[in-house]
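Down below is the structure, laid out as structure tokens.
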Amino acid sequence: MSNLFNKLKYKYQLGGNLKKLLYINIGIFIIYQFLIIFGFLFEINTIKDFFRNFLYLPANTTILINRPWTLFTYMFIHFDFLHIIFNLIWLYFGSKLFLHFLSQKQLISTYILGGLSGGLSYIIAYNLFPVFEDSILTSKAIGASASVLAIFIAIATHAPNHILRLYLIGNIKLKYIAITIIILDLLLWAIKIDGVFATDLENSGGHIAHIGGAFYGFFYIILLNKGFDLSINYQNFINIFNNQKKERKTRNQQNNDDIFRNNKAKKQDEINLILEKISQSGYESLTKEEKETLFKESKK
Numbered sequence: 291m292s293n294l295f296n297k298l299k300y301k302y303q304l305g306g307n308l309k310k311l312l313y314i315n316i317g318i319f320i321i322y323q324f325l326i327i328f329g330f331l332f333e334i335n336t337i338k339d340f341f342r343n344f345l346y347l348p349a350n351t352t353i354l355i356n357r358p359w360t361l362f363t364y365m366f367i368h369f370d371f372l373h374i375i376f377n378l379i380w381l382y383f384g385s386k387l388f389l390h391f392l393s394q395k396q397l398i399s400t401y402i403l404g405g406l407s408g409g410l411s412y413i414i415a416y417n418l419f420p421v422f423e424d425s426i427l428t429s430k431a432i433g434a435s436a437s438v439l440a441i442f443i444a445i446a447t448h449a450p451n452h453i454l455r456l457y458l459i460g461n462i463k464l465k466y467i468a469i470t471i472i473i474l475d476l477l478l479w480a481i482k483i484d485g486v487f488a489t490d491l492e493n494s495g496g497h498i499a500h501i502g503g504a505f506y507g508f509f510y511i512i513l514l515n516k517g518f519d520l521s522i523n524y525q526n527f528i529n530i531f532n533n534q535k536k537e538r539k540t541r542n543q544q545n546n547d548d549i550f551r552n553n554k555a556k557k558q559d560e561i562n563l564i565l566e567k568i569s570q571s572g573y574e575s576l577t578k579e580e581k582e583t584l585f586k587e588s589k590k
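Okay, so the sequence shown: first residue is 291 according to my numbering, each after it adds one.
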């Protein structure tokens, strides 16, 4: 088991950002599912409640203020097998295309900022439109869909005329695939609203997040073409954090060394005074404490 873990860790460290995103999503999903099974077997309902309350993205702003990290964690959580498989397939193929034209740094940044854009769109919509008033307290969002759409729309905007060969369809330009995805998502939302409007308000949040993620992907490339790159080099943040840890460790080590040297100097001064007293008045003139100090030092 340890060998398997070490191999996965090694592949994760050497892999690009696409592999890391895939590993993180799959790893969290596996942990989530095992914890759900554990909670079911031992009747610990708080496990599922923990994920829902502390990792899902709430629409209610009062709850969100107390759990701001959910804007980040929600984009790595999936509730069932089909949910994660669909998202990871799109993530894999979309990212492969993305990396053909753009960088690793831009990929991870588009995933995260696209997810944030989708999450904020969801929150704004649920607090802005009256139709969501009754469901705002219970509605929560999860999934990488907004991030995945941000990546795909970004590359389709960057290279709209890049041709893909699709099975049974033939050659098709990226821009047409992107347009089709957006239209299908809106149509699916409309069908749900028309069919089960009263019970499908929470599902509306997912479609709104998709639109927010897609908008970020489009907007990011428009700005990039004008010379302004919104992407953030997260590796720099990691390096800064690691450097800060090293600096703190060095400072602590230096402080410990200074304390050790000071204590050693004080002890040596004390021994020197005792030896001087012996030379002047003899050993018998020492106090009990001074004799014990001299004895302890002689043992070192």
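Don't be surprised by glycine CBs; every beta carbon is placed ideally from N, CA and C. Here the structure is a predicted model, which is why all the values come from computation and not from measurement.
{"Query": "DSSP-derived helix/strand/coil call for I432", "Result": "coil"}
{"Query": "Straight-line gap, A488 to S425 (C-alpha atoms, nearest Å)", "Result": "At A488 the pLDDT is 44, less than 50, meaning the model places this residue with poor confidence and gives no usable figure here."}
{"Query": "Beta-carbon contacts of Y416 that lie in its chain and below 7 Å, excluding the five residues immediately before and after", "Result": "A349, F422, I426, S429, G495"}
{"Query": "Contact under 7 Å by Cβ, Q394 with S521", "Result": "no"}
{"Query": "Separation of Y506 from I414, as counted between CA atoms", "Result": "15 Å"}
{"Query": "R455 - containing beta strand (DSSP E), residue span", "Result": "453-456"}
{"Query": "Cα-Cα separation, I355 to L312", "Result": "29 Å"}
{"Query": "Expected contact under 8 Å - CB spacing of Y322 and F341 to nearest Å", "Result": "6 Å"}
{"Query": "Inter-residue Cα distance where the pair is F442 and K482", "Result": "24 Å"}
{"Query": "G238 to L454 span [Cα, whole Å]", "Result": "Because the chain is modelled from 291 through 590, residue 238 falls outside the range shown and cannot be assessed."}
{"Query": "Whole runs of the beta strand (DSSP E) within the stretch 379-466, excluding any shorter than 3 residues", "Result": "453-456, 460-463"}
{"Query": "Close beta carbons around L406, own chain, < 7 Å, minus the five adjacent residues each side", "Result": "L361"}
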